[in-house]
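Read through the structure below, which is laid out as structure tokens, and then see the notes.
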Amino acid sequence: MTADELIVLERLEKVFRVRRRAGLVRRERSEVRAVDGISFRVRRGEMVGYIGPNGAGKSTTIKMLTGILTPSGGRLRVAGVDPARDRKALARRIGVVFGQRTTLWWDLPLGDSYQLVRRLYRVEPARFRANLERCVELLELGPLLSVPVRQLSLGQRMRGDIAAALLHDPEVLYLDEPTIGLDVISKTKVRAFLRDLNRDKGTTVLLTTHDLTDIEQLCSRVMVIDQGRLMYDGALSGLREVGESERTLVVDLAEERPAVEVPGARVVRVSGPRQWLAFPASASAAPLVARVAADYPLVDLSLREPDIEEVISRMYAAGWDGAAGAGGGSAGG
Ligand SMILES: Nc1ncnc2c1ncn2[C@@H]1O[C@H](COP(=O)(O)OP(=O)(O)OP(=O)(O)O)[C@@H](O)[C@H]1O
Ligand SMILES: [Mg+2]
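Residue 1 is where the sequence shown starts when you use full-length UniProt numbering, and the numbers rise one by one after that.
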């Protein structure tokens with residue numbers, strides 16, 4: 001491990017043993033391989049997206065990286081520390097935000113929560129003041145400091161959580177769905193804040209999200225996992241080449257019709273008066289819309305960009321494998 005490699009995973013595994021109901025009384029033991037031999041390295045100062053469908057193993061990986069869960073196999077180092085063994089030492093060097101639940105004290109005003117964080121991590125008063133000031137200003141927390149956490153809206157609480165994770169100047173910040181449920185304006189603010197944090201303080205960021213825009217705007221590198229395995233590690237552009245090879249125009253006609261016929265697009269689905277037309281992502285939608293409108297009784301339309309799940313399923317269809325994607329981001333198959 002070189003000095004600037006902050007996170008190192010080697011064939012990391014996590015197997016959950018679960019007992020399932022099989023009939024009325026009988027229970028069956030089974031195994032869930034949530035993380036199934038993942039290897040990657042993250043250098044100091046990198047901002048990396050960690051994406052994949054529901055149940056892929058993203059949160060499980062992050063929990064191992066923070067020491068909450070102990071790996072079943074493989075090797076793991078964060079800032080030279082084995083997280084499961086030395087969770088306390090690591091806690092002072094990392095910050096973590098789980099978008100799905102708060103790490104703040106539910107009944108306390110936000111400002112009091114921060115004082116507890118200060119004591120918990122023994123942050124020097126001057127440093128604490130400077131970090132808090134910065135977060136309050138950039139995340140617009142001023143009016144919220146006196147409000148009990150449980151009264152905060154989701155977006156307010158998320159900003160509060162992000163600040164709490166940063167008061168002790170962590171070298172690494174793990175974000176597990178930090179923009180989930182946020183409106184467009186809040187998302188934009190959170191992204192701008194994270195970008196500045198990475199630029200100004202060099203904080204290394206590992207980010208899990210289902211919003212590809214988060215990745216687009218923040219991460220030069222993206223890792224895709226599915227079923228506990230690393231499918232791709234490289235630039236987002238490499239992923240898009242294959243994943244977004246097609247967009248979809250959804251049209252509502254005045255009545256049910258057989259599949260429409262327009263050059264440059266093919267109908268992939270018909271349901272009542274609604275039809276789905278796939279066309280190359282590189283083509284403009286405007287002429288297509290014009291053709292449909294000229295030839296058919298068009299009532300309404302919308303344009304669909306593929307989401308992460310679709311990008312990933314297309315990766316499979318195109319015959320990608322982890323080896324082909326790893327590092328270079330070139331398509332195989
Ligand atoms: N404590 C647990 N006990 C048993 N199985 C678990 C446990 N935690 C996670 N799993 C299983 O491990 C797999 C990976 O879960 P994980 O939460 O890591 O997925 P994820 O990629 O974060 O998904 P999502 O996008 O839905 O958050 C799932 O099949 C899940 O059911
Ligand atoms: Mg998760």
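Yeah, the Cβ is synthetic: ideal placement off N, Cα and C, and Gly gets one too.
8 Å Cβ cutoff met for residue i and residue j
{"i": "Leu288", "j": "Leu253", "result": "no"}
{"i": "Val205", "j": "Leu212", "result": "no"}
{"i": "Leu152", "j": "Gly74", "result": "no"}
{"i": "Leu236", "j": "Glu261", "result": "no"}
{"i": "Ile7", "j": "Arg41", "result": "yes"}
{"i": "His168", "j": "Tyr121", "result": "yes"}
{"i": "Glu171", "j": "His210", "result": "no"}
{"i": "Leu110", "j": "Gly155", "result": "no"}
{"i": "Gly49", "j": "Leu207", "result": "yes"}
{"i": "Arg21", "j": "Arg29", "result": "no"}
{"i": "Arg247", "j": "Ala290", "result": "no"}
{"i": "Ala265", "j": "Ala286", "result": "no"}
Three-way DSSP call (helix, strand, coil) for residue i in this model
{"i": "Ile7", "result": "strand"}
{"i": "Thr209", "result": "coil"}
{"i": "Val136", "result": "helix"}
{"i": "Gln275", "result": "strand"}
{"i": "Leu303", "result": "strand"}
{"i": "Gly202", "result": "coil"}
{"i": "Tyr50", "result": "strand"}
{"i": "Glu177", "result": "coil"}
{"i": "Leu298", "result": "strand"}
{"i": "Glu216", "result": "helix"}
{"i": "Gly160", "result": "helix"}
Contact belief for residue i with residue j at Cβ below 8 Å, rounded distance in angstroms
{"i": "Gly37", "j": "Arg11", "result": "5 Å"}
{"i": "Val96", "j": "Tyr174", "result": "4 Å"}
{"i": "Pro71", "j": "Met64", "result": "5 Å"}
{"i": "Ala56", "j": "Ile162", "result": "Wrong, their Cβ atoms sit about 23 Å apart, outside the cutoff."}
{"i": "Val35", "j": "Glu5", "result": "The pair is not a contact, with the Cβ atoms about 20 Å apart (cut-off 8 Å)."}
{"i": "Ile51", "j": "Val222", "result": "6 Å"}
{"i": "Val149", "j": "Thr102", "result": "6 Å"}
Residues bridged to residue i (per DSSP)
{"i": "Lys14", "result": "Val35"}
{"i": "Ile225", "result": "Leu230"}
{"i": "Val78", "result": "Ile7, Val81"}
{"i": "Pro148", "result": "Pro109"}
{"i": "Glu28", "result": "Arg20"}
{"i": "Phe40", "result": "Leu9"}
C-beta neighbour in chain C for residue i, strict 8 Å
{"i": "Asp226", "result": "Among the chains of the structure shown, chain C does not appear; only one protein chain is present."}
So which residues touch the region around ligand 2, with touch meaning a C-beta under 7 Å from any heavy atom?
Lys58, Ser59, Asp176, Glu177, Thr208
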